[in-house]
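Chemist:
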Amino acid sequence: IMAVIRNIKVDIPKSHITIERQSGGRPALIKYVLEAPYNREKGYPEPKRTTIGHQCPDDKTKMYPTTQYATVFPDAWEKISGEKKKPVVKRIGMFTLCQAVNTKTGVKDTMDGVFGVNVSDAVMDFAMYSILHKSDVVSAFQAGMRGEMLYSGDARSDSKYTELFEHQMTREQVLQFRKEWALHCKNEESINSVWLCIDGSNDDCRSKGVEIAEKGAAKSKKNVNIISFTYAVTDEGFPVTFDVYEGGMVDAKAMKNIISFLTESGISLRGVILDRGYCSKPTLEYLNGAGIPYVIMVKGQPEGFASIVSEYGNRIKMNAEHLVPGTYLFGVQQEAQLFKGYSHKDYVTLFFDYQNGSERVTALLKNLYGAMNDVAGQLSRNDKVTMESQFQSMLRLETETSEDGQEQQLVKINTSDLQKAIDEKGLYSIVSSEKMPPESVYRRYASRNASETQYRFIKTQLGYGTLRVQNTQSVYAKFFTAFITSIIRFEIEQASKALGQSATRMIDEADRLEMVRLDNSYTYTHSEKARVTDLFSKLGADGSALLDETVKAENDRVAGRTPVLRHRKTRAKTRFTP
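In case it helps, the working numbering puts the sequence shown at residues 32 to 609.
1) What residues match up with V303 in a beta bridge as DSSP calls it?
2) What residues are listed by DSSP as bridge partners for F260?
3) Is it right to say H215 is buried, meaning 16 or more other beta carbons lie within 10 angstroms of its own, or is it exposed?
4) Check whether the Cβ atoms of Q161 and D189 sit closer than 7 Å, and answer yes or no.
5) I'd like to know whether the C-beta atoms of G84 and I111 end up nearer to each other than 7 Å.
6) How would you label A263, buried or exposed, when you count the other beta carbons within 10 angstroms and need 16 or more for buried?
7) Nearest by alpha-carbon distance to G308: which of F521, S183 and K330 is it?
8) Check whether the Cβ atoms of E585 and Y553 sit closer than 7 Å, and answer yes or no.
9) Starting from Y378 and walking both ways along the beta strand (DSSP E), at which residues does that stretch end?
10) Tell whether a beta-carbon distance below 7 Å holds between A367 and S341.
11) Is the CB-CB distance between L369 and G335 below 7 Å?
12) Looking at I363: is its Cβ nearer than 7 Å to the Cβ of Y476?
13) Counting pairs of Cβ atoms below 8 Å between the segment 564-573 and the segment 149-168, do you hit three or more?
14) What first and last residue would you give for the alpha helix (DSSP H) that runs through Q525?
15) Taking just the CA atoms, how far does F511 sit from N38?
16) Once DSSP output is grouped into helix, strand and coil, what is the label at H198?
17) Mapping DSSP to helix, strand and coil, what is V355?
18) Select from V506, G531 and E220 the residue whose C-alpha is nearest the C-alpha of Y635.
19) Grouping DSSP H, G and I as helix and E and B as strand, with all else coil, what is S389?
20) Taking all protein chains shown into account, decide if K45 is buried (16 or more other Cβ within 10 angstroms of its Cβ) or exposed.
21) Could you pull the start and end residues of the alpha helix (DSSP H) that P105 belongs to?
22) At what residues does the beta strand (DSSP E) containing D90 begin and finish?
23) Please return the same chain residues whose Cβ sits closer than 7 Å to the Cβ of Y317, not counting the five positions on each side in sequence.
24) Compute the Euclidean distance between the alpha carbons of E438 and L410, then round it to the nearest angstrom.
25) Taking 7 Å as the CB-CB cut-off, is R543 touching chain C?
26) Ignore the nearest five residues each way along the sequence and tell me which others in A481's own chain have a CB closer than 6 Å to its CB.
27) Which of the three DSSP states is assigned to Y495 in this structure?
28) Report the rounded CA-to-CA distance for K73 versus T201, giving the unit in angstroms.
29) Would a C-beta distance cut-off of 7 Å place C228 and R479 closer than the cut-off?
30) Give the DSSP bridge partners of I39, in chain order.
31) Helix, strand or coil, according to DSSP, for Q437 in the structure here?
32) So, are the CB atoms of I258 and I243 less than 7 Å apart?
33) Between the beta-carbon of M180 and the beta-carbon of T97, is there less than 7 Å?
34) By Cβ distance below 6 Å, which residues in the same chain neighbour Q199 in space, the five residues on each side in sequence not counted?
35) Do you know whose CA, among E419, Q386, S311 and G278, lies nearest K246's CA?
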């Protein structure tokens with residue numbers, strides 16, 4: 032029950048609140064936005080609010096706090112009342128998973144050495160928050176992590192995180208971590224010579240204090256300044272490095288910066304796997320000049336694609352001679368010059384995916400019929416006829432004479448143009464620098480699936496397309512924090528996959544583990560499910576022992592002693608095996 036404390040007045044917070052008026056002379060409710068998770072289906076964030084006070088009738092800037100206020104603002108409540116809010120129950124699963132990841136990879140230990148323990152603790156706490164809530168909104172951190180075991184002890188306020196990102200994490204420190212992490216990848220993860228998946232994107236940035244924000248090809252399609260970024264992961268999805276740069280920098284130059292950084296760190300490339308956004312003449316020129324093999328999804332219909340479609344497009348469809356073994360695809364490869372003015376010839380592999388093709392043809396016809404109905408409606412109303420550009424070549428207007436001698440305009444299908452559009456559905460191509468069977472091309476590019484999961488998660492942590500920071504240093508700090516989050520999430524995901532479970536399910540199950548405070552100390556009764564124990568095992572840890580260490584660390588903190596946490600293993604590690 033949320034009681035109102037009438038003998039205390041507090042200031043109404045200046046941000047993240049809504050004032051909800053009530054009828055009948057009742058005081059207005061002050062509601063605080065705990066978090067605003069993004070709803071992918073609706074396309075916008077959905078705020079979750081809680082009532083933290085009732086507005087005072089004699090002073091509209093003050094409110095009588097509810098008991099929820101003490102929970103959302105524990106630091107402020109302690110100053111006002113002298114009462115320190117201590118949870119009776121704390122969840123310890125997510126913290127202990129992070130400890131398991133650290134003992135395996137040393138990700139936190141590396142941060143300790145570069146940023147110091149206090150900053151490292153705060154970054155780990157924010158990483159846990161991002162994983163649990165799929166959010167990067169600092170204002171919701173305190174409420175979101177209420178009741179969680181944290182590296183920092185107590186949940187930091189949004190102002191403290193703003194201070195952290197703006198002033199306590201320098202660009203030089205971020206670069207130092209990137210160097211040390213690259214050495215870790217080389218020396219301890221055996222990432223010496225690998226196929227790398229490199230991808231980039233950009234986020235909107237409306238702040239005038241971010242110097243690297245500038246006009247570019249915004250993913251949001253809005254006319255705003257953007258910040259661009261690139262991430263590199265192995266074909267398993269293991270995060271290797273990242274970079275942040277000016278919004279207008281072209282992909283080829285950004286990719287060159289990433290590759291140069293890795294080469295200087297002693298990581299040589301067997302090749303790169305790139306999405307269609309990198310399929311351009313400058314990219315191919317750079318990679319060929321550097322002698323770096325590549326597999327790239329072809330974007331649009333360049334010259335080389337058109338020629339192979341013309342020759343093989345219909346021939347490979349449902350043709351067993353061109354079946355790609357182990358798949359439902361049909362493919363053929365041909366040496367071709369992909370772009371005009373680019374003399375180098377690559378190997379272009381054309382694929383036909385009949386399942387994808389049939390779905391796209393169905394969608395095309397559905398939309399075509401909808402366009403015909405729209406045009407028919409316009410004709411019946413004698414409106415000016417307009418139609419979407421994609422259907423202008425497939426539809427035409429004809430004048431016919433009805434049985435009663437009246438002329439009328441009808442909309443008809445241009446079957447030849449429709450057939451051309453139908454023939455293209457399900458066809459796509461991948462360009463490679465080396466000659467290889469279509470099966471090998473498909474398998475190599477399909478290894479991006481693991482990395483695509485990482486890219487989606489990384490972008491989630493960055494706020495779904497909009498970066499909410501006020502200066503350039505905060506940009507680097509936020510991207511760095513997202514990178515740390517991706518490392519932790521990857522390790523948990525791989526361990527979960529080895530158990531045949533989703534990472535989301537295993538994280539939820541682990542997060543239910545709770546220790547209970549009795550008098551002045553916490554106690555934990557081992558009740559974790561077998562698969563949670565197995566999850567820790569896949570991370571290379573004894574889950575039972577690690578959970579006990581977590582409880583001991585918190586009890587040390589409560590007693591005023593410095594908690595002692597387990598650190599990185601020194602033995603060589605192997606990659607995951609099912």
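Even for Gly, the Cβ is constructed at its ideal location relative to N, Cα and C.
Modeler: Inspection of the coordinates gives the following:
1) L227 and Y325
2) S232 and V275
3) buried
4) The amino acid at residue 161 is misidentified as Gln; the sequence shows Ser. It is not a contact, given that the beta carbons lie outside the stated cut-off.
5) no
6) buried
7) K330
8) yes
9) D377 to D384
10) no
11) yes
12) Sequence inspection shows Val at residue 363; the Ile mentioned does not correspond to that position. Cβ distance not < 7 Å, so V363 and Y476 don't count as in contact.
13) no
14) T503 to A529
15) 45 Å
16) helix
17) coil
18) Since the first residue of the chain shown is 32 and the last is 609, residue 635 is not available in this structure.
19) helix
20) exposed
21) P105 to S112
22) D90 to P96
23) A283 and K287
24) 12 Å
25) Note that chain C does not occur in the displayed structure, where there is just one protein chain.
26) E267 and G268
27) For Y495, the pLDDT reaches just 45, beneath the cut-off of 50, and the residue's location in the model is therefore unreliable, leaving the point undetermined.
28) 37 Å
29) yes
30) For I39, which the question treats as bridged, DSSP gives no partner whatsoever.
31) coil
32) yes
33) no
34) V150
35) G278
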